[in-house]
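Undergrad:
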Amino acid sequence: MAYRERLTLSWWWIVVIAGLILSVAIVYFVYQPPQVAGAVTLALVALAAAVTMAGATRIAVEPSGLRCGHNVLEPSYVGDARALSAEETRHRLGRGADTRGFLVTRFYVPRAVEVTVADPADPHPYWLVSSRHPEELAEAIRRIRP
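Using the working numbering, the first residue of the sequence shown is number 1119, and each one after it goes up by one.
#1: Across the stretch 1169-1181 and the stretch 1203-1213, are there enough close Cβ pairs to call them in contact, namely three or more that are closer than 8 Å?
#2: By DSSP, does residue 1127 sit in helix, in strand, or in coil?
#3: Using CA atoms only, rank isn't needed, just tell me which of 1161, 1122 and 1244 is closest to residue 1234.
#4: Give the DSSP bridge partners of residue 1234, in chain order.
#5: Measuring only the C-alpha atoms, how far is residue 1190 from residue 1150?
#6: Tell whether a beta-carbon distance below 9 Å holds between residue 1123 and residue 1203.
#7: Is there a Cβ from chain D that is less than 9 Å from the Cβ of residue 1228?
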């Protein structure tokens, strides 16, 4: 495998979520019996963990193509791959966006890679994929092209 990345929340987002859970837990422990407060706190922790895990996306460049979650772009359809700066990424997600583009983006990852699709029958002219290491991802994508 040429490249693998898992997009998960940054540590500071986890601190924010933990702070929110702690504040709710304190309120419940003050006004409710300990059993109720403990159950609510455990439920919130489980919910936060489930949402965090469900929101994580795996990105991999394999011999079979570019894999983003359950979606695969086969090597024969991979065009050029270009690492974007944070500013270019914001532009491609805003006014510079093509509504037909396929997006695998996360708000907590500021940079991305733009991969053109070399299949005229594909309705998506490009894939925009968030990455914490866009230069490495773009290079790995270029290596699998035929």
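By construction, the Cβ of each residue, glycine as well, lies at the ideal position given by its N, Cα and C atoms.
TA: With the given structure in hand:
#1: No, they do not touch.
#2: In the three-state DSSP reduction, residue 1127 falls in the coil class, being neither helix nor strand.
#3: The candidate whose alpha carbon is nearest that of residue 1234 is 1244.
#4: Among the bridge pairs identified by DSSP, residue 1234 is matched with 1244.
#5: Taking the straight line joining both Cα atoms gives about 49 Å.
#6: Contact flag unset, no.
#7: In summary, chain D is missing from the structure at hand, where a single protein chain is found.
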